[in-house]
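Undergrad: Here's a structure for you.
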Amino acid sequence: MGALRSLRIRLSLLEKEIVTLEWEHQNSADTSLLGLIKVKIEEFQETAQAEFQHLGKYVLARSYGEGECPCATFATLLRPQREIDVIPELQDEQGQTLYDPEQVADRLRDHYADLYTSKFMHDDSLTADYLEHIAMPWLTNTYRKHLMAPLQPAEIHKALKYMQSGKAPGPDSLRVAFYKAYKDLLIQHLVTLLEEMADTCIMPDSMCEAIIITLLKPGKSPTQCASYFTIEFRNEALCQSFSQ
1 MGALRSLRIR LSLLEKEIVT LEWEHQNSAD TSLLGLIKVK IEEFQETAQA EFQHLGKYVL
61 ARSYGEGECP CATFATLLRP QREIDVIPEL QDEQGQTLYD PEQVADRLRD HYADLYTSKF
121 MHDDSLTADY LEHIAMPWLT NTYRKHLMAP LQPAEIHKAL KYMQSGKAPG PDSLRVAFYK
181 AYKDLLIQHL VTLLEEMADT CIMPDSMCEA IIITLLKPGK SPTQCASYFT IEFRNEALCQ
241 SFSQ
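Mind the numbering: the sequence shown is residues 1 to 244 in the numbering used here, read in order.
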């Protein structure tokens, strides 16, 4: 249980860091904090998944050692950690209380969509003025030609090869292992998709979707959206291949 205890301590520390960063973000105009918050939340999610896996191994070892059913032991260990199964009510932006489950879900969806949406001014003149007054290195023609070259299937093969397997899938239910197993059938479709994304700078809506599980922060009001951590299950495979 030493590893499990270490993971829980790490989760507690990450929770405090995220709460502090969220407070700083709410009281300042520093948009860079959003990126740091996202990194910490992703680290929290990975640590929570690791804790869950360690707990599962511990349950199996304990149940077989004592001759008990693993499911019963697992449920017993999880019961104290789950204070509530659903969010019965939530306040909207006007402070009105929502009780309908669909309205509660919509409120959470809108809250996190706004939280993770980049907020910047669409003013080309400001961008041009900024670029004119900074010293930037120039790419050689060789590097420029390489970067502007069409995407090759071999690059997709390489990206898929080094993608990390084992993570839970997003709304599309497709794991990294699926893309690796059927890469020869999917490769040309992926090339077409990623080239279109690079040309238009627009990602398909499905790549921006996620399954979100909420976790109430200790001591926080359950009626406020900001009182919850999230564990997100995204369409990870396509996002990873595009970033690589």
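For every residue, glycine included, the Cβ atom is placed at its ideal position computed from N, Cα and C.
In chain order, what residues of the same chain have a beta carbon less than 6 Å from the beta carbon of R175, not counting five sequence neighbours either side?
TA: P169
Undergrad: With burial defined as no fewer than 16 other Cβ atoms inside 10 Å of the residue's Cβ, what is the status of R109: buried or exposed?
TA: Result: exposed.
Undergrad: Is the beta carbon of L194 closer than 8 Å to that of L139?
TA: no
Undergrad: Does Q91 have its Cβ less than 8 Å from a Cβ in chain B?
TA: Given the protein chain composition of this structure (a single chain), no chain B is represented.
Undergrad: Which class does T31 belong to by DSSP, given the choice of helix, strand or coil?
TA: coil
Undergrad: Which residues bound the beta strand (DSSP E) around Y143?
TA: No beta strand (DSSP E) holds Y143; the alpha helix (DSSP H) holding it covers 141-148.
Undergrad: Could you give the distance in angstroms between the alpha-carbon of A48 and the alpha-carbon of S6?
TA: 12 Å
Undergrad: Tell me the residue span of the beta strand (DSSP E) that contains A198.
TA: Element bounds for A198: not the beta strand (DSSP E) but the alpha helix (DSSP H), 183-200.
Undergrad: Determine the DSSP secondary structure at Y99, reduced to helix, strand or coil.
TA: coil
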